[in-house]
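Those protein sequences? They're chains R and W, same order as listed. With my numbering applied, the first sequence corresponds to residues 149 to 457, in that order. With my numbering applied, the second sequence corresponds to residues 262 to 619, in that order. Positions of the beta carbon are idealized from the N, C-alpha and C atoms, including for glycine. Here the structure is a predicted model, which is why all the values come from computation and not from measurement. Report on the structure given below.
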Amino acid sequence: MAELASPAPSPDPGPGAGRPRRRALGRLRPSGALAGLVPFFVYTTIFLIIPTLVVVVGAFLGPDGRPSLGSLAALGQPGFLKALTQSILLSAATAIGGAVVGALLAYAVSTAPKDGLLKRFVTSVCGVLAQFGGVALAFAFMASFGLGGLLVGWAKVVGLDLGSGIWLYQWDKGLMLVYLYFQIPLMLIVFLPAVEGLRPQWREASETLGGTTWTYWRRVAGPILMPPFVGATLLLFTNAFSAYATAAALVSQGSPLVPLQIASTFSSEVILGQENVGKAMAFSMVVVVAIVMALYTWIDKRASRWMQR
Amino acid sequence: MTTTAASSPGGVTGPGVAVELTELTRVYAGGVRALDGLTLHMAPGEFIALLGPSGCGKTTALRCLAGLEDPDSGSVVVGGRDLTHVPTNKRDMGMVFQAYSLFPHMTARQNVEFGLELRKQDKATRAKRAADMLDLVGLSKQADRFAHQMSGGQQQRVALARALAIEPQVLLLDEPLSALDAKVRTQLRDEIRRIQLEVGTTTLFVTHDQEEALAVADRVGVMNAGRLEQLAAPAELYSAPVSEFVADFVGVTNRVRAEVGDDGAHVWGGVVPLLPGSAGRGAAVLLVRPEAVVIEGGEANATVVSSSFLGGHGKVVTTTDDGDRVVVQVSNAEVTAHAPGDRVRLRPRGDRALAVAP
């Protein structure tokens, strides 16, 4: 984008002023590098911009296709508000839980030898687990903890009662656990480079200046890691907030989360013509994510005062 | 800055404390002996440089003094107090690292104030001390800059100011100039020496650059395989090396075939007085500095291979009739007088030299 930006006017247009002008005009011509970005822009347009526009426009249309605030008004219904609250709670809890556990694991992994087997193994496994979701993950948990699950059966053999397994299908218990299953590895992968960026000299400098281990984490490592930690946590939040397949596979009764409610507006055979209500719900998700992104931008801007770009 | 009279082997006086590293041993996993009974005593206010090749143990010695590594045996005594098992943060030492040690989320001023904050100094005192220290290193105008907004040389100056701000008992410099370009390195090197003389803190400086060590230190310790080969004033270290390793490592040395007799080493028709520790009578290899060889008229005994300007002086490379390669330091005026292929006569100037077994 910077390639297309107009150059700032020169405060002192001297004899050679024409030359920069020609160069600036040259910048506006399509270049080879810009042509390389065309597939990206096409992809983004088709799969992000157009769907977003459809959602935003649809949110302001009624069932008959005419402009209306009726679809947005449906967002005030208790059922949707409850689902939105539960979605935000689930996303926040798994983001914070995943971020804390993942960050601790990332630190533990960072202390292993740089190209050692352990580090390569853990990062490779986490790369797979972070992408392991949907029906396959739901089935894995059902087969382990569900009714007649393998682990439940084994536990019974040694005299442990893991219950009926109903908890697995509840949004605030089973779903939270299943989400953490991919949130923790994702945090490890995203946060590990930041932890590895901590230089040993910082800890040693802190110590020689009189600092304790607590001083180092509170005054040096903590502030340095905070922006990437918050950024990764927000990423985890949006990751959980937009997750659909895993929840859909596990929860079949009711629609406790917004993505499931949106799906029901498109697939319900009982109430027809709810598509624009679904778009309004999706619009509310866009708003939530936009707020999260704004928060991230604000934090990033504060950190950029000292971060090297 | 007031100084307490405290003489040292290097003739330095200052308010610093004495440092005694005694019989330090440090063995790493795999059996590598980084320190093998190192003993080093520093006088109060003295500036000692530890010099040696990679892996000789100089950095390990410094880290043991800082408390960043624990010696397997031996003792660390600073100012009469045994610090061998005292944690780093209780040792009261300032340290400047090789590079990248400034806290990146703090400005230069905040970096300098860091150690003072930990010492519970009030804001006004901290601010004044930080300003003084930044002024000392010539960076008053960069006080509000972050690390990435400063050059490598400026960052190291801030690191020096930060280390000195806490008025440490000992200043430790772990190759602080090695990541800088040649010009900045020379400037900062001289500045470190100026500041050290001004504040008088006992200083241990680790480097692999012999020019740096010889230029700034009161005494230079040459390390090899975890031990001190020689600890002496720069001039003595250069002119009177005690071992072949020191002679080879410090400065340029010609290895010349010679015959050792009662009166010294006989070479090119002249006699060279020997340093203590030299080989006994018989055939030997004489270690001669380039400036201790003279090119003169007379019966030729060598052939010029090349000659070149080196700035302040020149260099003529010759091969003797015995097959030894000998570098001779000459004045710039002499460089043009010796073309490749010229026959010349070499003569020892008469400086003392070390003879070793062939």
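Evaluate tryptophan 454 of chain R with the Cβ neighbour count: other Cβ atoms within 10 Å of its Cβ, from every protein chain shown; 16 or more gives buried, anything less gives exposed.
Here residue 454 of chain R is taken as the residue at index 306 of the first sequence, counted from 1. Looking at its Cβ environment, which holds 16 or more other Cβ atoms inside 10 Å, tryptophan 454 of chain R is buried.
With DSSP collapsed to three states, give me the class of glutamate 560 of chain W.
Stepping through the second sequence from its first residue, residue 560 of chain W is reached at position 299. Coil at glutamate 560 of chain W, not helix or strand.
Should arginine 453 of chain R be flagged as near chain W, meaning a C-beta pair shorter than 9 Å?
Here residue 453 of chain R refers to the residue found at position 305 of the first sequence. Interface residue, yes.
Option nearest valine 483 of chain W by Cα separation, candidates W/Ala493, W/Val588 and W/Gly611:
As a first step, residue 483 of chain W is located in the second sequence; it is residue number 222 there, counting from the start. Closest option to valine 483 of chain W, Cα to Cα, is W/Ala493.
For a test of your reading of the model: does the CB of valine 419 of chain W fall under 8 Å from any non-hydrogen atom of the ligand PLP? Yes or no.
In terms of ligand content, the structure shown is empty, and the ligand PLP therefore cannot be addressed.
Residues of chain W with a CB under 9 Å from the CB of proline 371 of chain R: which are they?
Counting from 1 along the first sequence, the entry for residue 371 of chain R is found at position 223. Within chain W, the residues near proline 371 of chain R are Phe364, His366 and Met367.
Quick check: is the beta carbon of arginine 170 of chain R nearer than 9 Å to any beta carbon in chain W?
Walking along the first sequence from the start, residue 170 of chain R turns up at place 22. No answer about arginine 170 of chain R holds up, because its pLDDT of 49 lies below 50 and its placement is not dependable.
Checking 9 Å against the spacing of the C-beta atoms, do valine 204 of chain R and phenylalanine 389 of chain R come in under that value?
Taking the first sequence and counting its residues from 1, one reaches residue 204 of chain R at position 56. Taking the first sequence and counting its residues from 1, one reaches residue 389 of chain R at position 241. No. Outside cutoff.
When the cut-off is 9 Å and only beta carbons count, does phenylalanine 466 of chain W lie next to chain R?
Position 205 of the second sequence, counted from the start, is the residue given in the question as residue 466 of chain W. With 9 Å as the cut-off, phenylalanine 466 of chain W does not count as an interface residue toward chain R.
Less than 9 Å between CB atoms is the rule here; does aspartate 448 of chain R satisfy it with respect to chain W?
Position 300 of the first sequence holds residue 448 of chain R. Output row for aspartate 448 of chain R: interface = no.
With which residues is arginine 608 of chain W paired in a DSSP beta bridge?
Taking the first residue of the second sequence as 1, we reach residue 608 of chain W at position 347. Beta-bridge annotation (DSSP): arginine 608 of chain W is paired with W/Val555.
Within chain R, partners of glycine 355 of chain W - CB distance below 7 Å:
For the purposes of this step, residue 355 of chain W is identified with residue 94 of the second sequence, where counting begins at 1. Going along chain R in sequence order, the residues near glycine 355 of chain W (Cβ under 7 Å) are Thr356.
What are the residues that DSSP puts in a beta bridge with methionine 324 of chain R?
Within the first sequence, residue 324 of chain R is the residue found at index 176, counting from 1. As DSSP reads the structure, methionine 324 of chain R sits in no beta bridge.
Any idea what DSSP makes of aspartate 603 of chain W, helix, strand or coil?
Looking up residue 603 of chain W in the second sequence gives position 342. Coil.
CB contact flag (leucine 498 of chain W, alanine 614 of chain W, <9 Å)
Residue 498 of chain W sits at position 237 when you count from the first residue of the second sequence. Residue 614 of chain W sits at position 353 when you count from the first residue of the second sequence. Taking 9 Å as the Cβ cut-off, leucine 498 of chain W and alanine 614 of chain W do not qualify as a contacting pair.
I want to see whether chain W comes within less than 9 Å of valine 435 of chain R, judged by CB atoms only; does it?
As a working mapping, residue 435 of chain R is identified with position 287 in the first sequence. It does not: the Cβ of valine 435 of chain R has no partner Cβ on chain W nearer than 9 Å.
State yes or no: is the beta carbon of tyrosine 361 of chain W nearer than 9 Å to at least one beta carbon in chain R?
Your numbering for residue 361 of chain W matches position 100 in the second sequence. Yes, contact with chain R.
Counting contacts by CB-CB distance shorter than 9 Å, is glycine 340 of chain W in contact with chain R?
In the second sequence, counting from the first residue as 1, residue 340 of chain W sits at position 79. Chain R, which has no Cβ nearer than 9 Å to the Cβ of glycine 340 of chain W, makes this no.
Glycine 335 of chain W versus leucine 432 of chain W - alpha carbon distance
Mapped onto the second sequence, residue 335 of chain W falls at position 74. Mapped onto the second sequence, residue 432 of chain W falls at position 171. Going by the C-alpha atoms only, they are around 21 Å apart.
Entirely enclosed beta strand (DSSP E) segments - the segment 500-570 of chain W, minimum 3 residues:
515-522, 525-528, 531-533, 543-549, 554-557 and 563-570
Pairing CB atoms from the segment 393-404 of chain R with CB atoms from the segment 385-403 of chain W, are three or more of them under 8 Å?
No, the segment 393-404 of chain R does not touch the segment 385-403 of chain W.
Which residues bound the alpha helix (DSSP H) around threonine 200 of chain R?
Sequence index remark: in the first sequence, residue 200 of chain R carries index 52 (1-based). Residues 198-207.
Candidates R/Met324, R/Pro226 and R/Gly264: which alpha carbon is nearest leucine 237 of chain R's?
On the first sequence, residue 237 of chain R is found 89 positions in, with the first residue counted as 1. The residue with the shortest Cα to Cα distance from leucine 237 of chain R is R/Met324.
What does alanine 327 of chain W touch in chain R if you count any residue whose Cβ is under 9 Å from its own?
Taking the first residue of the second sequence as position 1, residue 327 of chain W is located at position 66. Here the neighbours are Glu352, Glu355 and Thr356.
Quick one: measure Cβ to Cβ for asparagine 350 of chain W and glycine 358 of chain R, integer angstroms, because I've assumed they're closer than 8 Å.
Position 89 of the second sequence, counted from the start, is the residue given in the question as residue 350 of chain W. Position 210 of the first sequence, counted from the start, is the residue given in the question as residue 358 of chain R. Taking the Cβ atoms as the reference, asparagine 350 of chain W lies roughly 5 Å from glycine 358 of chain R, within the contact range of under 8 Å.
Whole angstroms are fine: how far does the CA of threonine 597 of chain W sit from the CA of alanine 526 of chain W?
Walking along the second sequence from the start, residue 526 of chain W turns up at place 265. Walking along the second sequence from the start, residue 597 of chain W turns up at place 336. Answer to the nearest angstrom: the Cα atoms are 31 Å apart.
Do leucine 265 of chain R and leucine 316 of chain R have their CB atoms nearer than 9 Å?
Stepping through the first sequence from its first residue, residue 265 of chain R is reached at position 117. Stepping through the first sequence from its first residue, residue 316 of chain R is reached at position 168. No, Cβ-Cβ distance for leucine 265 of chain R and leucine 316 of chain R is not below 9 Å.
Anyone know if the C-beta pair for glycine 543 of chain W and threonine 286 of chain W falls short of 9 Å?
Within the second sequence, residue 543 of chain W is the residue found at index 282, counting from 1. Within the second sequence, residue 286 of chain W is the residue found at index 25, counting from 1. Not in contact: glycine 543 of chain W and threonine 286 of chain W (Cβ atoms no closer than 9 Å).
Around the C-beta of isoleucine 410 of chain R, are 16 or more other C-beta atoms found within 10 angstroms, so that it is buried, or is it exposed?
Here the question's residue 410 of chain R lines up with position 262 in the first sequence. The residue in question, isoleucine 410 of chain R, is buried, as its Cβ has 16 or more Cβ neighbours within 10 Å.
Please give the ranges of any alpha helix (DSSP H) in the segment 294-322 of chain R, keeping only runs that are unbroken, at least 4 residues long and fully inside the region.
298-305
For arginine 294 of chain W, go through chain R and note every residue whose CB falls closer than 7 Å to its CB, in chain order.
Here residue 294 of chain W refers to the residue found at position 33 of the second sequence. Neighbours of arginine 294 of chain W in chain R, taken as residues at a C-beta separation under 7 Å, are lacking, since the least C-beta distance is about 22 Å.
Are leucine 547 of chain W and threonine 579 of chain W close, meaning C-beta to C-beta below 9 Å?
Walking along the second sequence from the start, residue 547 of chain W turns up at place 286. Walking along the second sequence from the start, residue 579 of chain W turns up at place 318. The answer is no: Cβ separation not under 9 Å.
Cβ neighbours of aspartate 612 of chain W in the same chain (closer than 6 Å, five flanking residues each side left out)
For the purposes of this step, residue 612 of chain W is taken as residue 351 along the second sequence, with counting starting at 1. Correct list, in chain order: Ala553.
Look up phenylalanine 407 of chain W in the DSSP assignment and give the residues it is bridged to.
One-based indexing of the second sequence puts residue 407 of chain W at position 146. W/Thr368, per the DSSP bridge assignment.
Given this structure, state the Cα-to-Cα distance separating leucine 173 of chain R from alanine 183 of chain R, to the nearest angstrom.
As a working mapping, residue 173 of chain R is identified with position 25 in the first sequence. As a working mapping, residue 183 of chain R is identified with position 35 in the first sequence. Low confidence applies here, because leucine 173 of chain R scores a pLDDT of 48, under 50, leaving its location unreliable; read the following figure in that light. Taking the straight line joining both Cα atoms gives about 18 Å.
Compute the distance between the beta-carbons of glycine 355 of chain W and threonine 356 of chain R, then report whether it is under 9 Å.
Numbered from 1 along the second sequence, position 94 holds the residue referred to as residue 355 of chain W. Numbered from 1 along the first sequence, position 208 holds the residue referred to as residue 356 of chain R. With respect to the 9 Å criterion, glycine 355 of chain W and threonine 356 of chain R are classified as neighbours on the basis of their beta carbons.
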